[in-house]
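Participant: Please find one structure pasted underneath; my questions will follow.
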Amino acid sequence: MRLLLFGAPGVGKGTQAKLLSIKFNIPHISTGDILREAVKNQTELGKKAEEIMNRGDLVPDEVMIGIIRDRLIKSDCQNGFILDGFPRTTKQAIALDKLLDEMNINDLKLINIYADEEEIVKRLNNRRACKECGKIFTLSEIQDKDECPNCHSRTSFYLRDDDKEEVIRKRLEVFRKNTEPVLTYYEKKGKVISVNGFGDIEDVNKKLLNALSK
Ligand code: AMP
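Here the numbering used here is used: position 110 in the sequence shown is 445, and no number is missing along the way.
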């Protein structure tokens with residue numbers, strides 16, 4: 336199974352991608368996670384991407400296409416994969432098509448998770464990440480906790496720069512302008528399944544599995 340999880344930042348793509356990755360035993364490939372790891376390790380890529388990410392802009396297409404090409408040819412992607420956060424521009428979508436053609440893959444489906452923008456702003460502004468392991472929690476999940484429930488490091492929660500309200504608004508604007516056309520691109524190919532992202536994680540996951548089984 337080859338899936339592309341599509342939706343505005345904060346709509347819950349990453350969470351759903353993780354659940355699907357476990358259920359279908361295929362890798363979850365998040366370009367945001369790959370870039371954050373590079374920033375954390377201050378690699379050449381990380382140094383270039385950091386400032387762009389912090390202001391809510393997009394990392395150049397050529398860089399992203401190179402990252403995805405290197406990742407999709409790894410052996411763990413042979414039986415399928417879930418893309419999360421890529422493609423984010425029509426240019427990336429065209430490059431992905433070309434790459435999949437070369438790999439003789441033609442079963443890619445796009446799952447469009449949609450939600451109200453104000454709900455997204457509220458959700459993202461309520462997220463906190465662990466400085467050590469990067470796992471994300473809602474404020475209510477870590478209330479009164481001084482230890483990360485995932486990696487047990489102490490007092491390491493922070494609001495990611497790109498989750499601050501002014502940056503979220505910028506990311507939503509970039510999404511509308513640069514990324515929404517990707518949906519139209521795949522709609523024309525008849526490869527889109529749409530699911531309402533409003534609701535709790537399990538609800539959305541059920542809706543998603545239901546839509547996939549049709
Ligand atoms: P995400 O966690 O998917 O929201 O990604 C965080 C940030 O990484 C985005 O706001 C972009 O700056 C950058 N990024 C992730 N994926 C891409 C992509 N496919 N193209 C360009 N920039 C990306």
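Each residue gets a CB set at the ideal place from its N, CA and C atoms; glycine is no exception. The structure displayed is predicted, hence computed values, not measured ones.
Inspect the CB distances between the stretch 525-537 and the stretch 435-454 and report whether three or more fall short of 8 angstroms.
Facilitator: The stretch 525-537, when compared against the stretch 435-454, does touch it at the 8 angstroms Cβ threshold.
Participant: Can you list, in chain order, the residues of its chain with a C-beta nearer than 7 angstroms to that of D314? Leave out the 5 residues immediately preceding and following it.
Facilitator: Nothing can be reported for residue 314: it is not among the residues displayed for the chain, which extend from 336 to 549.
Participant: Here's the rule: buried if 16 or more other CB atoms are within 10 angstroms of the residue's CB, otherwise exposed. What is H363?
Facilitator: Your numbering for residue 363 matches position 28 in the sequence shown. Buried is the call here.
Participant: Check I361 in the structure and name its three-state DSSP category.
Facilitator: Position 26 of the sequence shown holds residue 361. Note: I361 maps to coil in three-state DSSP.
Participant: Nearest by alpha-carbon distance to D392: which of E437, P344, V456 and K375 is it?
Facilitator: Locating residue 392 in the sequence shown gives position 57, where the first residue counts as 1. Residue P344 is the option with its Cα nearest to D392.
Participant: Do you know offhand how far T378's Cα is from K409's?
Facilitator: If you number the sequence shown from 1, residue 378 lands on position 43. If you number the sequence shown from 1, residue 409 lands on position 74. Cα to Cα, T378 sits roughly 21 angstroms from K409.
Participant: Please return the same chain residues whose Cβ sits closer than 6 angstroms to the Cβ of E397, not counting the five positions on each side in sequence.
Facilitator: If you number the sequence shown from 1, residue 397 lands on position 62. Within the same chain, E397 has no close Cβ partners at all.
Participant: Please classify A450: does DSSP put it in a helix, a strand, or coil?
Facilitator: By one-based count along the sequence shown, residue 450 stands at place 115. A450 falls in the coil class under three-state DSSP.
Participant: Which complete alpha helix (DSSP H) runs does the stretch 484-521 hold, if anything under 4 residues is left out?
Facilitator: Runs found: 500-509.
Participant: Select from D451, V502 and F492 the residue whose C-alpha is nearest the C-alpha of E467.
Facilitator: Translated into positions along the sequence shown, residue 467 becomes position 132. Comparing Cα positions, the closest option is F492.
Participant: What number of angstroms, rounded off, separates the C-alpha of L328 from the C-alpha of S356?
Facilitator: Nothing in the structure corresponds to residue 328, since the chain is present only between 336 and 549.
Participant: Between M388 and M399, what straight-line distance do the alpha-carbon atoms span, to the nearest angstrom?
Facilitator: As a working note, residue 388 is residue 53 in the sequence shown. As a working note, residue 399 is residue 64 in the sequence shown. Cα to Cα, the separation comes out at about 13 angstroms.
Participant: Span of the alpha helix (DSSP H) holding S475?
Facilitator: What you label residue 475 is simply residue 140 of the sequence shown in a count that begins at 1. Its alpha helix (DSSP H) spans residues L474 to I477.
Participant: Leaving out five residues on either side along the sequence, give the residues of the same chain with a beta carbon under 6 angstroms from the beta carbon of I471.
Facilitator: Locating residue 471 in the sequence shown gives position 136, where the first residue counts as 1. So the qualifying residues of the chain are R462 and A464.
Participant: Report the partner residues of V527 according to the DSSP bridge assignment.
Facilitator: On the sequence shown, position 192 is the one that residue 527 refers to. Its beta-bridge partners are L445.
Participant: For S475 and I369, I'd like the C-alpha separation in whole angstroms.
Facilitator: Taking the first residue of the sequence shown as position 1, residue 475 is located at position 140. Taking the first residue of the sequence shown as position 1, residue 369 is located at position 34. Each residue's alpha carbon lies about 27 angstroms from the other.
Participant: Our contact map puts I440 next to R337 with C-beta atoms below 8 angstroms; I'd like the distance itself, whole angstroms only.
Facilitator: Sequence index remark: in the sequence shown, residue 440 carries index 105 (1-based). Sequence index remark: in the sequence shown, residue 337 carries index 2 (1-based). That pair is a contact at about 6 angstroms.
Participant: Between which two residues does the beta strand (DSSP E) harbouring I417 extend?
Facilitator: Within the sequence shown, the letter at position 82 stands for residue 417. Element bounds for I417: F416 to D419.
Participant: Rounded to a whole number of angstroms, what is the C-alpha to C-alpha distance between D411 and K512?
Facilitator: Counting from one through the sequence shown, the residue named residue 411 turns up at place 76. Counting from one through the sequence shown, the residue named residue 512 turns up at place 177. Between D411 and K512, the C-alpha separation is close to 33 angstroms.
Participant: When you compare only the Cα positions, how much space is there between R390 and V517?
Facilitator: As a first step, residue 390 is located in the sequence shown; it is residue number 55 there, counting from the start. As a first step, residue 517 is located in the sequence shown; it is residue number 182 there, counting from the start. Their backbone Cα atoms lie some 22 angstroms apart in a straight line.
Participant: What residues in its chain sit with their C-beta under 8 angstroms from that of E522, if we drop five residues either side in the sequence?
Facilitator: Translated into positions along the sequence shown, residue 522 becomes position 187. Result list for E522: empty, nothing under 8 angstroms.
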